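S.K.:
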Amino acid sequence: MSMRIGVIKEFEAENRVSIVPSSVKKLSKIGYEVYVETEAGISSNHSDQEYEEFGAIVTDRQQVSQSEIISSINFPAEELLREGQILICNADPFRHPSRVRSCNDKKITLISMDMIPRRLSRAQSMDVNSSQDNLAGYKSVLLGASLVSKGIPMMTTSAGTVRPAKVVVMGSGVAGLQAIATAKRLGAVVFASDVRITAAEQIESVGGRFIVVEGMEDFEDESGYAKPLTPDFITKVNETVCNVAADADLVITTARIFGRPAPVTIPADAVKKFKTGCVIVDMNADVGGNCELTVRDETITTDNGVVIVGKTNLPGTIPTTASMLFSNNITSFLSSLMTEEGFDLSESDDILVGAPADSDFHVQGMGGVLLCRDGSVHENQAKLSEVI
Ligand SMILES: NC(=O)c1ccc[n+]([C@@H]2O[C@H](COP(=O)([O-])OP(=O)(O)OC[C@H]3O[C@@H](n4cnc5c(N)ncnc54)[C@H](O)[C@@H]3O)[C@@H](O)[C@H]2O)c1
58 MSMRIGVIKE FEAENRVSIV PSSVKKLSKI GYEVYVETEA GISSNHSDQE YEEFGAIVTD
118 RQQVSQSEII SSINFPAEEL LREGQILICN ADPFRHPSRV RSCNDKKITL ISMDMIPRRL
178 SRAQSMDVNS SQDNLAGYKS VLLGASLVSK GIPMMTTSAG TVRPAKVVVM GSGVAGLQAI
238 ATAKRLGAVV FASDVRITAA EQIESVGGRF IVVEGMEDFE DESGYAKPLT PDFITKVNET
298 VCNVAADADL VITTARIFGR PAPVTIPADA VKKFKTGCVI VDMNADVGGN CELTVRDETI
358 TTDNGVVIVG KTNLPGTIPT TASMLFSNNI TSFLSSLMTE EGFDLSESDD ILVGAPADSD
418 FHVQGMGGVL LCRDGSVHEN QAKLSEVI
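According to our numbering, the stretch in the sequence shown is residues 58 to 445, in order.
1) Examine chain C for any beta-carbon lying closer than 8 Å to the beta-carbon of Leu402, and answer yes or no.
2) Give the straight-line distance between the Cα atoms of Ile445 and Gly432, rounded to the nearest whole angstrom.
3) Would you tell me roughly how many angstroms separate the C-alpha atoms of Gly228 and Ser59, rounded to the nearest one?
4) To the nearest angstrom, how far is the alpha carbon of Asn147 from that of Gly425?
5) I'd like the span of the alpha helix (DSSP H) that includes Ala256, first residue to last.
6) Compare the C-alpha of Ala256 against each of Met273, Ala245, Lys241 and Gly244 and name the closest.
7) Between the segment 354-368 and the segment 379-395, do at least 3 Cβ pairs fall closer than 8 Å?
8) Sort Val263, Glu136, Pro288 and Phe132 by Cα distance to Gln123 and report the nearest one.
9) Is it true that the segment 401-408 meets the segment 167-177, where meeting means three or more beta-carbon pairs spaced less than 8 Å apart?
10) Just to confirm my understanding: we take Gly198, look at its own chain, exclude 5 residues before and 5 after, and list those with CB closer than 6 Å. What are they?
11) Heavy atom of ligand 1 less than 7 Å from the Cβ of Ala257, yes or no?
12) For a test of the three-state rule: what should DSSP assign to Val225, helix, strand or coil?
13) Just the Cα atoms here: how many angstroms apart are Arg253 and Ala113?
14) What residue from Gly88, Lys82, Ile87 and Val77 has the CA that sits closest to Glu96's CA?
15) Can you name the start and end residues of the beta strand (DSSP E) that Phe248 belongs to?
16) Any idea if Val364 is buried or exposed, counting beta-carbon neighbours within 10 angstroms, 16 or more meaning buried?
17) If we call anything under 8 Å between Cβ atoms a contact, is Ala303 one with Gly345?
18) Could you check whether Val91 and Val81 sit closer than 8 Å to each other, using their CB atoms as the reference points?
19) For Glu109, which of helix, strand or coil comes out of DSSP?
20) Using only the heavy atoms of ligand 1, determine whether one of them is closer than 7 Å to the beta carbon of Val93.
21) Quick check on the burial criterion: 16 or more other C-beta atoms within 10 angstroms. Buried or exposed for Phe383?
22) Return the chain-ordered ranges of every beta strand (DSSP E) run that is complete within the segment 358-425 and spans a minimum of 3 residues.
23) For Gln106, count the other beta carbons within 10 Å of its own beta carbon; 16 or more makes it buried, fewer makes it exposed. Which is it?
24) If you draw a straight line from the C-alpha of Pro376 to the C-alpha of Tyr195, how long is it?
25) What number of angstroms, rounded off, separates the C-alpha of Ile99 from the C-alpha of Ala202?
26) Excluding five sequence neighbours on each side, which residues of the same chain lie with their C-beta closer than 7 Å to the C-beta of Lys329?
27) Is it the case that the CB of Thr311 approaches a heavy atom of ligand 1 more closely than 7 Å?
28) Assign Glu96 to one of three DSSP states: helix, strand, or coil.
29) Quick one: Cα of Ile65 to Cα of Val434, how far?
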């Protein structure tokens, strides 16, 4: 039996779309029928006509919502969802446990792409966190550079020599490494921090200088992710890194701990020591902010002239590329579910259900993408059950 996928138009502030026309062709070939809501791709430059040319049925929201699978970037409006449906989106379950609860109550199977078990090489092509974080890291630098009152690269001119801008990147995962590489390409001198010692080599490999914190312990867990810092170390790392940032022109913050509020890497007091005109782009404004003074979705200027940008959804500001990559991720995932026997949400698939209950991934909540089905939270998502 062919499965219908309904691609809904996201809410107004979201310019991305979860499935782009070129993916429709691939999905149709392997047995899916793709229904796309009218104008779903308009903000990412994909017309209804283009979708139709690639084999989609473009129709109204009512008809799209009848599909067996609903595909979306953000968690959709509840009235769109029906009992027995499969919802594939970024549910961000630890910050929004009510979404899991509500899907559970409605007997909706919830698949959260942001829970992809990243250690599996088979899952890399499905990793929406990496694809979107990478773009966010890139865009954070462009945004920040456009607000800095200096030029970024070194320039030797007849009117005098311009020294390169100093950029500090806090947190060097996927987003941070792309921010370092982008700032470097613009010609900045780039310093970067992380609490995982393995990040030092990666920082250097993209042209950054690792900020060494004296007596640094390694805060990498066995799964490769950062674990929460001890209170002593928080003070020490923040002092060291903020001292390096005190004369920076641009600071990009990307530090995160999976499923938790953003760690503070720039306390309010530290901002007072930053130089006038410094721009901080806080990539974690949506989860509490790395800078204590960040205001979500606002750009503020402090009394000492530091500009703090709290823009959320940076990938949404490059919707064509971000949609294409998200769509490739979701297509790869949906392709893995279509076997010769048909659509299969088999629980033996480790991308769906993740590692066994006692593994570190499980403790981190990185069980798998399948969060709930048939009215119960998946047993491998015990950490999530605690939150719910
Ligand atoms: N397919 C894969 O195997 C795969 C895919 C993506 C990422 N990864 C790895 O996962 C790890 C985490 O990457 P991510 O981008 O998801 O991370 P993330 O978005 O969870 O966090 C961003 C970065 O912030 C760092 N951080 C946390 N607290 C900090 C603090 N107080 N100060 C400074 N830095 C702090 C983290 O160590 C991390 O590097 C990396 O090792 C990355 O290479 C693996």
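Even glycine gets a Cβ: it sits at the ideal position worked out from N, Cα and C.
Quick caveat, the model's predicted, so the values are computed rather than measured.
M.R.: Inspection of the coordinates gives the following:
1) No chain C appears in this structure, which consists of one protein chain only.
2) Translated into positions along the sequence shown, residue 445 becomes position 388. Translated into positions along the sequence shown, residue 432 becomes position 375. Spanning the two alpha carbons is a distance of roughly 13 Å.
3) Translated into the one-based positions of the sequence shown, residue 228 becomes position 171. Translated into the one-based positions of the sequence shown, residue 59 becomes position 2. Their Cα atoms are separated by approximately 44 Å.
4) Start at 1 with the first residue of the sequence shown, and residue 147 comes out as number 90. Start at 1 with the first residue of the sequence shown, and residue 425 comes out as number 368. If you take the alpha carbons of Asn147 and Gly425, they lie about 13 Å apart.
5) The residue you call residue 256 lines up with position 199 of the sequence shown. Run containing Ala256: Ala256 to Ser262, per the alpha helix (DSSP H) assignment.
6) Within the sequence shown, residue 256 is the residue found at index 199, counting from 1. Residue Met273 is the option with its Cα nearest to Ala256.
7) no
8) Here residue 123 refers to the residue found at position 66 when the sequence shown is read from its first residue. Among Val263, Glu136, Pro288 and Phe132, the Cα nearest to that of Gln123 belongs to Glu136.
9) yes
10) Walking along the sequence shown from the start, residue 198 turns up at place 141. For the record, residue 198 in the displayed sequence is Val; it is not Gly. Closer than 6 Å at Cβ, skipping near neighbours: Ala236, Thr239 and Ala240.
11) Walking along the sequence shown from the start, residue 257 turns up at place 200. Checking every heavy atom of ligand 1 against the Cβ of Ala257, none is found closer than 7 Å.
12) As a working note, residue 225 is residue 168 in the sequence shown. Residue state, collapsed to three classes: strand.
13) Taking the first residue of the sequence shown as position 1, residue 253 is located at position 196. Taking the first residue of the sequence shown as position 1, residue 113 is located at position 56. When rounded, the distance between both Cα atoms is 45 Å.
14) Taking the sequence shown and counting its residues from 1, one reaches residue 96 at position 39. Per the Cα distances, Val77.
15) Within the sequence shown, numbered from 1, the residue matching residue 248 stands at position 191. Run containing Phe248: Val246 to Ser250, per the beta strand (DSSP E) assignment.
16) Counted from its first residue, the sequence shown places residue 364 at position 307. Burial call: buried.
17) The residue you call residue 303 lines up with position 246 of the sequence shown. The residue you call residue 345 lines up with position 288 of the sequence shown. Cβ distance not < 8 Å, so Ala303 and Gly345 don't count as in contact.
18) Reading the sequence shown from its first residue, position 24 is the one you call residue 81. Reading the sequence shown from its first residue, position 34 is the one you call residue 91. In contact: Val81 and Val91 (Cβ atoms closer than 8 Å).
19) Taking the sequence shown and counting its residues from 1, one reaches residue 109 at position 52. Helix, per DSSP.
20) On the sequence shown, residue 93 is found 36 positions in, with the first residue counted as 1. No, ligand 1 has no heavy atom inside 7 Å of this Cβ.
21) By one-based count along the sequence shown, residue 383 stands at place 326. Looking at its Cβ environment, which holds 16 or more other Cβ atoms inside 10 Å, Phe383 is buried.
22) 364-366
23) What you label residue 106 is simply residue 49 of the sequence shown in a count that begins at 1. Flag for Gln106 reads exposed.
24) Working through the sequence shown from its first residue, we reach residue 376 at position 319. Working through the sequence shown from its first residue, we reach residue 195 at position 138. Their backbone Cα atoms lie some 13 Å apart in a straight line.
25) Here residue 99 refers to the residue found at position 42 when the sequence shown is read from its first residue. Here residue 202 refers to the residue found at position 145 when the sequence shown is read from its first residue. The alpha-carbon atoms of Ile99 and Ala202 are separated by roughly 28 Å.
26) Sequence index remark: in the sequence shown, residue 329 carries index 272 (1-based). Around Lys329: Asn361.
27) Position 254 of the sequence shown, counted from the start, is the residue given in the question as residue 311. Checking every heavy atom of ligand 1 against the Cβ of Thr311, one is found closer than 7 Å.
28) Position 39 of the sequence shown, counted from the first residue, corresponds to residue 96. Note: Glu96 maps to coil in three-state DSSP.
29) For the purposes of this step, residue 65 is taken as residue 8 along the sequence shown, with counting starting at 1. For the purposes of this step, residue 434 is taken as residue 377 along the sequence shown, with counting starting at 1. Approximately 25 Å between the Cα atoms of the pair.
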